[in-house]
Amino acid sequence: MARAVSKRSSVGTTKAPAGKTRESKTALGTKLDPKMLQHFYREMLLIRRFEERAGQMYGMGLIGGFCHLYIGQEAVVVGMQSALDERDSVITGYRDHGHMLACGMESRGVMAELTGRRGGYSRGKGGSMHMFSREKRFFGGHGIVGGQVSLGGGLAFASKYRGDGGVALAYFGDGASNQGQVAETMNMAALWKLPLIFVIENNKYGMGTAVNRSSAGEGLFKRGEAYGIPGEKVDGMNVLTVAEKAKEIVAYAREKGPYVLEMETYRYRGHSMSDPAKYRSRDEVSKMREERDPIETLRELIIKRKIASADDLKAIDADVRAIVADAAEFAQESPEPDPSELYTDILIEA
Amino acid sequence: MPTEILMPALSPTMTEGKLAKWLVKEGDDVRAGDLIAEIETDKATMEVEAVDEGTVGKIFIAEGTEGVSVNSVIAVLVGEGEVVSSSSHAKQTKKANPPAEEISGAVQSKVIVSEPDGAEMNAEEASAYSSTVSMTVREALRDAMAEEMRSNSNVFLMGEEVAEYQGAYKVSQGLLEEFGARRVIDTPITEHGFAGIGVGAAMDGLRPIVEFMTFNFAMQAIDQIINSAAKTLYMSGGQMGCPIVFRGPNGAAARVAAQHSQCYASWYAHCPGLIVVAPYSAGDAKGLLKSAIRNPNPVIFLENEILYGQTFEVPTADDFTVPIGKAKVLRPGKDITITAFSLMCRDALAAAEILAAEGIDAEVIDLRTIRPLDTDAIVKSVKKTNRLVSVEEGWPYAGIGAELAATMMDKAFDWLDAPVKRVSGKDVPMPYAANLEKLALPQVEDIVSAAKSICYR
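These protein sequences, in sequence, are chains A and B. Taking my numbering, the leading residue of the first sequence gets 4, the next gets one more, and so forth. Taking my numbering, the leading residue of the second sequence gets 11, the next gets one more, and so forth.
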């Protein structure tokens, strides 16, 4: 069995405990591990609070440019990352803050990059859409829609070339799924049996265009069919469903090759901070928040199954708030990059 | 009436070939579509079909003959009852149609085969030339890749037709056999996708060589080259390097028209984060490609189809490399500096000979690397000659010549005795017609007249 919790997580444990206390089962019939559930809760909450703070700081003019928040989609990345280990690599597009946190990158470094400061992951030279961590095998953070998918094919290619058993996760949205290079990458991934998982985060809108107005066919999960790549649709608002599916498909990709997962998810905020989101009704958003919010759903499950008490969860809430507050403070105190940084990191000295 | 069978042109740049094998003999009856001969070009061996029917009356070129010019009469077909009169075939070659002077300069090129004497290089590079072997640019490129693949298991080659077909231009010949399908990888026709896969693999520590069948097709992939390969090191604050070589033929071949005849030197040279190399000789092709593969940055390696078959002396030393960022003086001179790169070095050298006959001693510099440009070498030369002509095949607007002119204003203004003069491709898409193509491309006489104009002669 794969590890229940990512080793690379900043807060997670590395192994599911062997004890049998208070174990319950998911809809798919596997056992619930209390530690894992609390870990998921904490990770999702960290992303939510981090993004809320980022939105606030954007409004205060502390963060510039484009800023795409992940609020609403937290279950996707937290569930998927739980199935990975240190061999695996991750790449995504510009809505990337959640992915970085779930990969175990530090809140401070991410927030300080958002403010364009020296303490940021790219020392202030990348910004919201361009952050990386070789150590965590997080390969960005890419601003060109769909560009990360063929790059992700390259990560899978590298793992296969080395024979290190690693799997690459290429996250992209419903909008990006119509880019030609996604199809090109699917073709080569199938030809060469690359250990690559295409994780389509279908949040229903590519900027302001609803998925049914942009994407022909009966489902993005079928986009690999022509190449013989299996695919399926997953409830991306339920972290347990995602985690279970992730475990199964990561194991599949490691052995057999590419796979497409279409995550049905939803972003609560606009496409970016400057999007008034007039293309959907307020009711649509609030209905989703009330009925399917991934964090609330998990909180209710944890309380109902008595996996943890409300007080336990409050302690996690407080902890997360403290982490985010600390990151926000760090991001404002960290100095701007030295002017000499303008001319560094263009080429590596041969 | 007997029908002449002519030596066919089997590629846009073919001027001659080897008649490898006759598949028919005198007296055989042939019908249109029958295979009659095998012809070997520098790229491939091709079978030739009869286009008419009749009896093979006479074979004029024996099998095994090399260097048979395109359009030579190689055999004749006769109809029933006809005989071959020996006198009518006394001349074995037929004049090309259109006349030779109207064929593009590119097709006429079969002159330069070695470095001129007196080429100036750094001492280490020069000493390597004490022991050399003759080889084509094509072979030199292949050897460079093979040597680097032997010494670094992370180096691999991917691209269209690089493996089983042995390379669309035969550059990767033999590599599949030596290194296997894991490291010599045929891709589908999907430039954007495989460029992205190459870049991703490079970010994760491999050393890809991505071959574009020609750089014209790399426009499909230019987003990954610039947005991902060139910029990620900067965007990641120095974490995410991209050691990758994008290589393939660049510029005009011959008679392939606008979409297949374009020089990308200035396009890529515009972008910080890229290195752009464009060798002329086989020695530089080998030494620079080895350096490019070892370089930790993305390198755009611009080759030239017409140069692939040209032979030069190449150092035999095991670890011969040429440093990136260093120009080479191909011909020393004192009256005027002419810079060029890739195929245009050939024309610049030819122009220098003509100028010499008229009493103008031109110094010819092969830029070799377009970015980073060896500004010091050019400035040094201009301080001596006080005049500069820049030659390039690409368009003039925002071209390499424009950059050189601006650089001279900055760095050598007080040494200039005349304005910098640009010789470039004309500011038009490449036309197909032979005469128009010739007009669109820089010609030796254009370089000569540009040089004379700023020598006020």
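Just so you know, even glycine gets a beta-carbon here, dropped at the ideal spot from N, CA and C. Every value quoted in this text rests on a predicted model; they were computed, and no experiment measured them.
Would you mind giving the Cβ-Cβ distance between residue i and residue j, rounded to the nearest angstrom? I have them listed as a contact below 8 Å.
{"i": "B/I370", "j": "B/A461", "result": "6 Å"}
{"i": "A/M103", "j": "A/M134", "result": "6 Å"}
{"i": "B/A372", "j": "B/A362", "result": "4 Å"}
{"i": "B/Y407", "j": "B/D437", "result": "6 Å"}
{"i": "A/G178", "j": "A/S131", "result": "That pair is no contact at about 17 Å."}
{"i": "A/V237", "j": "A/T244", "result": "6 Å"}
{"i": "A/Y61", "j": "A/L301", "result": "Their Cβ separation, rounded to whole angstroms, is 27 Å, which puts A/Y61 and A/L301 out of contact at 8 Å."}
{"i": "B/A72", "j": "B/E50", "result": "That belief does not hold up - the Cβ atoms of B/A72 and B/E50 are roughly 14 Å apart, past 8 Å."}
{"i": "B/V389", "j": "B/K338", "result": "Contact doesn't hold; Cβ gap of about 15 Å is too wide."}
{"i": "A/P37", "j": "A/A311", "result": "7 Å"}
Tell me, please, whether the CB atom of residue i is closer than 8 Å to any CB atom in chain B?
{"i": "A/R126", "result": "yes"}
{"i": "A/H71", "result": "no"}
{"i": "A/T24", "result": "Model confidence at A/T24 stands at a pLDDT of 38, short of 50, so the residue's coordinates are unreliable and nothing is read from them."}
{"i": "A/E187", "result": "yes"}
{"i": "A/Y164", "result": "yes"}
{"i": "A/Q184", "result": "yes"}
{"i": "A/L301", "result": "no"}
{"i": "A/G156", "result": "yes"}
{"i": "A/N190", "result": "yes"}
{"i": "A/D137", "result": "As written in the sequence, residue 137 of chain A is Arg, which differs from the Asp given in the question. A/R137 counts as touching chain B."}
Residue i and residue j: beta carbons closer than 8 Å?
{"i": "B/V255", "j": "B/R381", "result": "no"}
{"i": "A/F142", "j": "A/V93", "result": "yes"}
{"i": "B/L216", "j": "A/A161", "result": "yes"}
{"i": "B/Y318", "j": "B/V147", "result": "yes"}
{"i": "B/E403", "j": "B/G261", "result": "yes"}
{"i": "A/A78", "j": "A/V242", "result": "yes"}
{"i": "A/M240", "j": "A/Y271", "result": "no"}
{"i": "B/A178", "j": "B/M223", "result": "yes"}
{"i": "B/V324", "j": "B/M56", "result": "no"}
{"i": "B/I334", "j": "B/A302", "result": "yes"}
{"i": "B/E59", "j": "B/G74", "result": "no"}
{"i": "A/L72", "j": "A/A57", "result": "yes"}
Could you confirm whether any beta carbon from chain A is found closer than 8 Å to the beta carbon of residue i?
{"i": "B/P282", "result": "yes"}
{"i": "B/G297", "result": "no"}
{"i": "B/A116", "result": "Here the model assigns B/A116 a pLDDT of 35, short of 50, so the residue's position is not dependable, and the following value carries that caveat. Not one chain A Cβ lies under 8 Å of B/A116."}
{"i": "B/D386", "result": "no"}
{"i": "B/Y442", "result": "no"}
{"i": "B/Y244", "result": "yes"}
{"i": "B/P306", "result": "yes"}
{"i": "B/E112", "result": "Low per-residue confidence applies at B/E112: pLDDT is 37, beneath 50, and the placement is therefore not dependable, though the value from the model is reported in the following sentence. So, not an interface residue."}
{"i": "B/P12", "result": "no"}
{"i": "B/M17", "result": "no"}
{"i": "B/P289", "result": "no"}
{"i": "B/P198", "result": "yes"}
{"i": "B/G208", "result": "yes"}
{"i": "B/D214", "result": "yes"}
{"i": "B/F227", "result": "no"}
Evaluate residue i with the Cβ neighbour count: other Cβ atoms within 10 Å of its Cβ, from every protein chain shown; 16 or more gives buried, anything less gives exposed.
{"i": "B/V430", "result": "buried"}
{"i": "B/T326", "result": "exposed"}
{"i": "B/K105", "result": "At B/K105 the pLDDT is 42, less than 50, meaning the model places this residue with poor confidence; the figure from the coordinates comes in the next sentence. B/K105 is exposed by the Cβ-count criterion."}
{"i": "B/L449", "result": "exposed"}
{"i": "B/A292", "result": "buried"}
{"i": "B/N445", "result": "exposed"}
{"i": "A/A7", "result": "Because A/A7 sits at a pLDDT of 41, beneath the cut-off of 50, its placement in the model cannot be relied upon, and the following sentence gives the value as read from the coordinates. So A/A7 counts as buried."}
{"i": "B/D376", "result": "buried"}
{"i": "A/I50", "result": "buried"}
{"i": "A/S289", "result": "exposed"}
{"i": "A/G273", "result": "buried"}
{"i": "B/E447", "result": "buried"}
{"i": "B/M11", "result": "exposed"}
{"i": "B/F351", "result": "buried"}
{"i": "A/A229", "result": "exposed"}
{"i": "A/L158", "result": "buried"}
What does residue i touch in chain C if you count any residue whose Cβ is under 7 Å from its own?
{"i": "A/I147", "result": "Checking the listed chains, one finds no chain C in this structure; the protein chains it contains are A and B."}
Touch test, the region 128-140 of chain B against the region 298-313 of chain B, Cβ-Cβ under 8 Å, three pairs minimum: No, they do not touch.
Looking at C-beta atoms only, is the number of pairs between the region 258-266 of chain A and the region 189-202 of chain A that lie closer than 8 Å three or more? Touching, yes.
Is there contact here, the region 157-176 of chain B with the region 340-347 of chain B, by at least three beta-carbon pairs under 8 Å? The region 157-176 of chain B vs the region 340-347 of chain B: no contact.
Whether or not the region 112-131 of chain A and the region 328-346 of chain A are in contact is what I'm after, with contact meaning three or more pairs of Cβ atoms, one per stretch, closer than 8 Å; do they touch? The answer is yes - the region 112-131 of chain A touches the region 328-346 of chain A, with three or more Cβ pairs under 8 Å.
Could you tell me whether the region 147-156 of chain A touches the region 202-213 of chain B, using the rule of 3 or more Cβ pairs below 8 Å? With the rule of 3 Cβ pairs closer than 8 Å, the region 147-156 of chain A counts as touching the region 202-213 of chain B.
Cβ contact check for the region 29-47 of chain B and the region 318-326 of chain A: 3 or more pairs under 8 Å: Verdict: no, contact absent.
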